[in-house]
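Using the numbering used here, count along the sequence shown one by one with no gaps and you end on 322. All C-beta atoms in this analysis are idealised placements derived from N, C-alpha and C, irrespective of residue type, glycine included.
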Amino acid sequence: MNGNNFRMPARRCAVAAAATVLAAGPVALAGAGSAHASDGHGRASASVLRTGLDVSLLNKTVNVPLTVSLNEVQAPASARQTALSARLDGVDGGRPFTVLSADVATADAKVSASGAEGSVRLAHARVHLPGLPLLSVIEVDQVTSRATCATGRTPAATSEVLGAVTVLGKKVTLSAGGTTRVRVPAVGEVRLDLSQHETTSRTAAATALRLKVSVNPLKLNVAEVEGTVTLAHASCESPAAPERSPEPAATPASEVKPQGAPATEPAEPAKADLAETGGSSLTPYLAGGSAVLLAAGGAVLALLRRRRS
């Protein structure tokens, strides 16, 4: 009685505990998955134009920074704008001037669980600097940049400059992977770097054109303009790949035993085996003697029967 009374509650407790573990298991797994998903979100950005310029006025005692951007977006976002104006105190009476005008100027950035991507497209674009209202520092037909960071894959960065490129009124031929310099007397100098790419295990960045500008227009109360102009920049960072649960360690294989009866080679019959079956080297002689004795015995029995009869 006592033994049964103690065993039954123990069995019931074990069943209840097992049910609790099975019910809590999915909740614990879901919580772990959410924790992994909350870390390492991807990123993407794109910008059509960025400037970092220092503008010196004619008296050279005042430096006015020109730091502007066109269609600079962070994922998830997109922008479409074809003209950007800026205003600088002391330049052209403080009136706004156009920094960039284009037929197409788009920037897109997007992020999802499958990856992140930034892209830029610019068509028929002209960039102007303070003090050069009629002469564009650069004109391009078409410029594109794209940075793609797919989850679990190697990031990629690409950029293209298609069609004619004109710098300070001069048509130039750009060299990939190098620097192109354009000098215009009484105006200044522009150095261009074409299609710069950077990639790591999780990030990528592409810049179609980067200009190092140093001009002295001497117009509109502007003495010098120095700095950088960046056209079509895109970057991305891939989301962190979901962590996989470690696979169970393989059970060490035990010693493999041969299956079935071991194969044995047929042995030559030994003399002992022949003795067990009644055979030996004298067997033919013994058999012949036995036959003679049997025949003689048969003849004696026949003779005795005749005498009796």
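Close Cβ partners of residue i (< 8 Å) along its chain, the five nearest in sequence each way excluded
i	result
Leu-233	Val-104, Asp-105, Pro-143, Gly-144 and Pro-146
Leu-71	Leu-231, Asn-234, Val-235 and Ala-236
Val-185	Val-178, Thr-179, Thr-193, Val-195 and Leu-205
Val-75	Ser-69 and Gly-103
Cβ neighbours of residue i in the same chain (closer than 6 Å, five flanking residues each side left out)
i	result
Thr-119	Arg-93 and Arg-134
Ser-324	Limits of the chain in this structure are 14 at one end and 322 at the other, which puts residue 324 out of reach.
Ser-91	Asp-121
Arg-196	Glu-202
Ala-136	Asp-116, Val-117 and Gln-155
Val-180	Ile-151, Val-195 and Val-203
Glu-211	Ala-218
Ser-114	Ala-96 and Arg-139
7 Å Cβ shell around residue i - same chain, five flanking residues per side excluded
i	result
Asp-102	Val-77
Ala-99	Leu-79, Val-81, Pro-109, Phe-110 and Val-112
Arg-215	Cys-162, Pro-168, Glu-250 and Ser-251
Ala-189	Leu-207 and Ser-208
Arg-56	Ala-88, Val-124, Ala-129, Cys-249 and Glu-250
Leu-148	Leu-181 and Gly-182
Lys-73	Ala-236
As assigned by DSSP and simplified to three states, the class of residue i
i	result
Thr-290	With a pLDDT of 39 at Thr-290, under the threshold of 50, the modelled position of this residue cannot be trusted; read the value that follows with caution. Coil.
Asp-121	strand
Asp-102	coil
Gly-131	strand
Gly-55	coil
Gly-327	In the structure displayed, the chain extends from 14 to 322; residue 327 sits before or after that span and is not available.
Gly-176	strand
Gly-107	helix
Lys-183	strand
Glu-85	coil
Ala-253	coil
Arg-166	coil
Arg-215	coil
Lys-73	coil
Gln-94	coil
Val-203	strand
Val-150	coil
His-141	coil
Thr-243	strand
Val-197	strand
CB contact check: residue i to chain D, cutoff 8 Å
i	result
Lys-123	Absent here is chain D; the protein component of the structure consists of one chain.
For residue j and residue i, believed in contact at Cβ under 8 Å, the rounded distance
i	j	result
Ala-221	Ala-245	4 Å
Lys-96	Arg-159	Here residue 96 is Ala; the residue named in the question, Lys, does not match the sequence. That belief does not hold up - the Cβ atoms of Ala-96 and Arg-159 are roughly 24 Å apart, past 8 Å.
Leu-231	Val-203	The Cβ separation is near 17 Å, so there is no contact.
Val-68	Val-200	That pair is no contact at about 15 Å.
Leu-205	Thr-193	5 Å
Val-153	Ala-170	Actually they are not in contact, since the Cβ atoms of Val-153 and Ala-170 sit about 19 Å apart, beyond 8 Å.
Ser-132	Thr-164	Contact flag wrong, Cβ pair sits at about 18 Å.
Val-242	Val-86	At roughly 19 Å, the Cβ-Cβ gap does not stay under 8 Å, so Val-242 and Val-86 are not in contact.
Leu-83	Ser-58	No, Leu-83 and Ser-58 are not in contact; Cβ-Cβ is about 13 Å, not under 8 Å.
Residue i CB to nearest heavy atom of the ligand MN below 7 Å
i	result
Ala-59	Absence of the ligand MN from the depicted structure is noted, as is the absence of any ligand whatsoever, leaving it without description.
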